[in-house]
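**Q** Below are the C-alpha cells for one structure; questions will follow.
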Amino acid sequence: MSASPAATECLICHTDNEEEAQFCSVCLAPMSLTQESVAQGREPCMISVIGESNVGKTVYLGYLLDMLSRRAGDYESVPKGPFSINLQQTVMTYLAARMFPTKTPNEVDQWHWAYAQVANHRDPNTWYDLVMPDMAGEAIATELDVPESYAVIRGLLQRSSGIMLLIDAAQAAMGNVQADFFAFKLMSYIDQLSRLRISDKVATPIAIVLCKSDCCPQAFDHPLLFAQTNLNRLWNLCENRFENVGFFAASVIGSIGYGTDQDENVVTVPMHSAPRGIIEPFEWLLTAL
Ligand SMILES: Nc1nc2c(ncn2[C@@H]2O[C@H](COP(=O)(O)OP(=O)(O)OP(=O)(O)O)[C@@H](O)[C@H]2O)c(=O)[nH]1
Ligand SMILES: [Mg+2]
Ligand SMILES: [Zn+2]
C-alpha cells in the first residue's frame, strides 16, 4: 500500500490544496477525506457506486452503510469522521418517515461521502478502509457525454479498487432499453479509462446490482439470466472486456404505495423496508479486491 498523502493533497485528484481548504480546488472532493487518511496513516480503498439518476444509488448506499454499522451478517463498520454518517442518517430518517430521499444534487460539494473501516467477524484481523461517495446520476451522465466535465468522477473511477454499477431492474424488465444503454455506456467509459490493449481485459471487480428487484422477482431467481435477457448489450460488453463481473439482485423496499405531496403531485411512498440482497454484492466485492 502506498504512503499516506501529504496533509493538503487531494485523495482523488492528487492536487495540492491550501491547508485550510474544505474542498479540493480542482475536483471539489472534501479535504476531510485527506485529513482522515493522514490520521489513519494509510490511503483507503475507493469503492464507486455508479448508475443513472433514479436507479436507487442513494437509498442502496445509505441502507448498506446503516446495515454495516448495525453489524449486518458477518460485517461491522466504524465510521471515520462524523461526516461519514450523514448519508445513512439522511436515508434512514426519510425511510422512517415513509418518504424517499430527495435527488442527489449535481453540485459535488453537496455530495455525502462515507469513510469507514469495515471488517468481517470471521477474519477480525483484516480491516478495509473504504471511501464511498454518493454521486448524482445526472453528473455521471454529463461526464459520459462530455468527458472531464466532472474531474471527481473521472478521478474516482480511475482510482477505484471496486465498482458497484446499479441498474433499475424494474425498468429493464418492462423492456425499456434506457437502463441497458446507460449501463453499456458506463462500462465502455470504464473500459476506456483503463486504456488497455484490446487483448487485455479490465481486472477491476465490478458488481452489477439489479436494484428495485422487488418489482421483478425473476431478477432474484437468476440475476445473470435476467441480465442476459434484459441487458444484453451490457452483458456482451462484460463478457468481452471485463475479467471480474458479478451479477446481483437487490431491493430495499418491501412494498410501495402512492400518495400526494403538498403540491398535490403523486409521489411514491415506501410502506416498509424489507432489505434483500443488500450485503451480497458488497461482500463479493470485498473478497474480490
Ligand atoms: N421499488 C423500489 N423502488 C425503489 C427502491 N429504492 C429506491 N426506489 C425508488 O427509486 C427512486 C430513486 O432512488 P434514489 O436512491 O434517490 O436514486 P439515485 O440513484 O440516488 O438518483 P440520483 O440521486 O438522481 O442519482 C426512489 O425515489 C424510489 O422511488 C427499492 O428498493 N424498491
Ligand atoms: Mg442519489
Ligand atoms: Zn481533487
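Position in the sequence shown counted from 1, then plus 1137, gives you the numbering used here.
All residues carry an ideal CB built from backbone N, CA and C; glycine is no exception.
(1) Pull up the distance between the alpha-carbon of N1262 and that of V1255, whole angstroms please.
(2) Would you kindly work out how many angstroms separate the C-alpha atoms of I1300 and A1364, rounded to a whole number?
(3) Could you check which residue in Q1399, K1217 and V1186 has the C-alpha nearest to that of A1273?
(4) Would you give the residue range spanned by the alpha helix (DSSP H) that D1282 belongs to?
(5) Taking the straight line between their C-alpha atoms, what separation do you get for Q1226 and R1334?
(6) Is it the case that the region 1318-1332 contacts the region 1359-1373, given that we only count it when at least three CB pairs across the two stretches are under 8 Å?
(7) Would you grab the beta carbon distance between A1101 and P1418 for me? Rounded to a whole angstrom, and I think it's under 8 Å.
(8) As a quick check of your reading: which residues have a C-beta less than 6 Å from at least one non-hydrogen atom of ligand 3, in chain order?
(9) Just how far apart, CA to CA, sit N1429 and V1175?
(10) Give a yes or no on contact between the region 1240-1259 and the region 1201-1220, applying the rule of three or more CB pairs nearer than 8 Å.
(11) Buried or exposed: which applies to Q1308, given that a residue is buried once 16 or more other Cβ atoms fall within 10 Å of its Cβ?
(12) Opposite L1267 in the DSSP bridges: which residues?
(13) Closer than 7 Å: is that where the CB of F1237 sits relative to any heavy atom of ligand 1?
(14) May I ask whether a heavy atom of ligand 1 can be found less than 7 Å away from the beta carbon of I1390?
**A** Result, derived from the coordinates:
(1) 11 Å
(2) 17 Å
(3) Nearest C-alpha to A1273 among Q1399, K1217 and V1186: V1186.
(4) G1274 to D1282
(5) 43 Å
(6) yes
(7) Shown here, the chain extends from 1138 to 1426; a query on residue 1101 therefore has no answer.
(8) C1147, I1149, C1150, T1152, C1161, V1163, C1164 and A1166
(9) Past the edges of the chain, shown from 1138 to 1426, lies residue 1429, and the structure says nothing about it.
(10) Yes: at least three Cβ pairs fall under 8 Å.
(11) buried
(12) C1182 and A1253
(13) yes
(14) Checking the Cβ of I1390 against ligand 1 gives yes.
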